[in-house]
Amino acid sequence: MASADGGETPAADRFLIDLRAVDRSDVPDEVEIVHDVSEIDLLAARGDPEVVPGVDSTTPDVTVYQDNAGSVPENAGPAAEVDKESDGSGSPAWDDGLSNNELQWDKRAQRVGDLSDRPGNRKTVHDTTTGEGARVAVIDSGVSDAHPDLADAVNEDLSENFTTDEYDFRPNGAGDHGTHVAGTVAGTNANGDGVLGTAPDAEVVSLRVFSGVEGASGDVIAAVVAAANKGCDAANLSLGYPVPFVDPEEYPFLLDLKEAYERAAAYARDQDMLVVNSAGNDGLDMDAEGTLSLPTEAEGVFGVSATGPIGFLWDDRKQREDLALKRLTDPTSSPANYTNYGSAVDVSAAGGDYDPEAIDGEAEWFYDLVLSTIVTPDGDGGVEPGYGWKAGTSMAAPQVSGAVALIRSLQPDTSVAEVESLIRETASEDEPGGEAYHGAGHLDLRRLVKAAR
C-alpha cells in the first residue's frame with residue numbers, strides 16, 4: 001500500500017491539466033508535458049501551473065509513497081514485511097523444515113492448485129483454469145522478470161516505465177513491492193517449491209510508477225489508461241492516498257484528484273478492464289466524515305480489504321501435522337488489524353495479518369503474512385531472486401486481480417460489470433466483522449470458477 005502523509009503533499013513542480021477547461025493549443029510551450037492522457041482529456045505536466053490559462057484548468061499532482069518500504073520493526077507502519085533470502089535455487093534459506101508450498105496459506109485456503117488442501121477427489125481451482133489468455137497490469141514499483149517464478153509471466157514488450165527516471169519497467173531501486181504483488185497474481189512455481197499465483201498462466205504487464213519510494217498520481221492515472229489500451233483484463237493498484245481525519249473540502253485538489261481517477265476508471269471499464277485497488281492500511285473508517293481514501297473511494301474502482309490468520313504455524317506441532325495431511329484449519333478470513341473498512345470495500349481477500357506484540361518475541365509471527373516472490377540486490381548491479389512475507393491490503397488486491405484473470409480465461413467476453421457481479425455473488429458471506437470489513441463477502445475462488453464455467 002502506498003500513501004501520502006497528509007492532505008497537502010503536491011508532487012514537486014507537477015500538476016494536472018484538465019483539457020475540458022483549457023484548449024490543448026493554449027498550454028504554453030514552457031510547460032513540460034509528462035503524460036498526454038488525451039483519452040480522458042488530461043495532461044500530467046511539470047512546470048509553473050500559473051502560466052496555464054483558465055481558473056479551473058489545473059490541479060496539483062500528488063506524491064504517493066510506498067508504505068512498507070522499510071522492514072519491521074524499523075518501520076512501525078501497519079504494512080508489515082520480512083524478506084527471507086533464497087539460496088538461488090528457489091529453496092528457502094531459512095531452516096524451518098517447511099516448504100514454500102506449505103507456507104502459502106492464502107492459496108491453500110482457496111484450494112488454488114497442487115499445493116492446496118485436497119481431501120478426497122475434490123478438484124482445485126487450477127483443475128478448471130490457470131488464467132491462460134488473460135492479462136493483468138501490475139501498476140507498482142516494477143516487476144523483476146529475473147525471478148524464475150515470473151520469468152515466463154512478464155510480457156516485456158508491453159511493460160513500461162511511467163516515471164521520469166531513465167530506467168525500464170523493472171524495480172531499479174524502487175524495491176520489491178511490485179514483484180511480490182506479481183507473484184501473488186501469476187507466480188508459476190517454476191521449480192515446484194516456489195510461489196504459485198492465483199493465475200499462473202496469465203500475462204503480467206509491469207507498469208512502473210515508483211522511482212525509489214516515491215511516485216506521482218499523474219503517473220498512476222496515465223498507467224491505468226495505458227493498461228486499458230494494452231488489452232489488460234485487470235489493473236492492480238496496490239497503492240493509494242489515504243487522508244485520515246482531514247476534511248477534503250479544505251483541500252479541493254483532492255476532490256479534483258478523485259474525479260481524475262474516476263475518469264480513468266470509467267475509461268478502463270469502457271475498454272473492458274477492471275481497476276482493482278487496495279483499500280488501505282490505516283485502520284480507517286472510510287465512511288467517517290472528513291476522510292478520503294483514493295483511489296478506493298473513486299467511483300468505478302473495485303476496493304479490496306485484507307484478512308489473515310494470527311498464529312499460523314507458531315511452533316504448533318498439530319498444525320504442522322495437519323499440513324502434512326494437507327489440511328488448513330486456521331481461519332484466514334478475519335479482518336487484518338490494519339485494514340481500512342467501509343462502504344468502498346467490495347470484497348475482502350487474503351492480505352496477511354500480524355500481532356505487533358509477537359514481533360519482538362520468539363514466535364514465528366511472519367508466517368501470518370503473505371509469502372510471495374521478492375528480489376534483493378546482489379552487489380554487482382543485479383538482483384538475487386528469493387521469497388519473502390509481506391502484509392497489507394497491497395497483498396489482498398492481487399488476489400482479486402488474479403481472480404479477474406481466472407474469469408476472463410473462462411469467459412473472455414464478460415463485461416466488467418459481469419466480472420464484478422461474479423466476484424461479489426460468489427464471495428463467502430457472514431464473515432467476522434461483517435459487511436463493513438468484507439463488502440459483499442470474502443473472495444471464494446472455488447465458488448467463483450464454478451459459477452464462471
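Per the UniProt record's numbering, residue 1 is the first one in the sequence shown, and the count goes up by one each step.
Don't be surprised by glycine CBs; every beta carbon is placed ideally from N, CA and C.
Just to check my reading of the structure: residue i and residue j have Cβ atoms closer than 8 Å, yes? What is that Cβ distance to the nearest angstrom?
i           : j    : result
I407        : D176 : About 28 Å separates the two Cβ atoms, so there is no contact after all.
A417        : L443 : Wrong, their Cβ atoms sit about 18 Å apart, outside the cutoff.
A336        : G352 : 7 Å
P60         : F253 : 5 Å
R170        : C232 : Not a contact, Cβ separation roughly 19 Å.
L313        : E250 : Not quite, the Cβ-Cβ distance comes to about 47 Å (not below 8 Å), so this is no contact.
P398        : V112 : Actually they do not touch by this definition, with Cβ atoms about 13 Å apart.
A235        : E203 : That pair is no contact at about 13 Å.
residue 458 : A264 : Outside the shown range of the chain (1 to 453) lies residue 458, about which nothing can therefore be said.
V304        : D346 : 7 Å
G142        : S206 : 6 Å
Kindly list the residues whose CB is nearer than 6 Å to the CB of residue i, restricted to its own chain and excluding five residues on each side of it in sequence; keep chain order.
i    : result
R447 : T426
D56  : A21
P28  : V51
S25  : none
P49  : F15, T58
Run through the DSSP bridge pairs and tell me what residue i is partnered with.
i    : result
F302 : V276
G215 : V64, F210
V383 : P377
H177 : Answer is none; H177 lacks a bridge partner.
R135 : E203
A45  : F15, I33
P335 : T307
A146 : Answer is none; A146 lacks a bridge partner.
N161 : R208
A234 : V136, L274
L196 : T188
Y241 : L294
Y341 : D285
State yes or no: is the C-beta of residue i within less than 8 Å of the C-beta of residue j?
i    : j    : result
S266 : G218 : Here residue 266 turns out to be Ala, not Ser, going by the sequence shown. Contact flag unset, no.
T393 : T339 : yes
L422 : R453 : no
S372 : G240 : no
A190 : P148 : yes
G178 : D140 : yes
T198 : A403 : yes
A151 : G212 : no
Is it buried or exposed for residue i, if we count other Cβ within 10 angstroms and need 16 for buried?
i    : result
G280 : buried
A76  : Here the model assigns A76 a pLDDT of 31, short of 50, so the residue's position is not dependable, and the following value carries that caveat. Its Cβ having fewer than 16 others within 10 Å, A76 is exposed.
R108 : buried
S306 : Rather than Ser, the amino acid found at residue 306 in this sequence is Ala. Flag for A306 reads buried.
P295 : buried
E156 : exposed
T58  : buried
K230 : buried
P309 : buried
Which same chain residues end up closer than 7 Å to residue i when comparing Cβ atoms and leaving out the 5 residues on each side of it in sequence?
i    : result
V383 : S144, A146, V375, T376, P377
S343 : D287
G47  : D13, E30, V31, E32
A222 : H35, V37, A44, F162
P53  : V22, D26
T129 : L406, S409, L410, V449
V370 : D106, T184, A350, G351, G352, W389, K390, A391, M395
So, at 8 Å on beta carbons, what are the nonlocal neighbours of residue i in its own chain, with the 5 sequence-adjacent residues on each side left out?
i    : result
G433 : S334, P335, Y341
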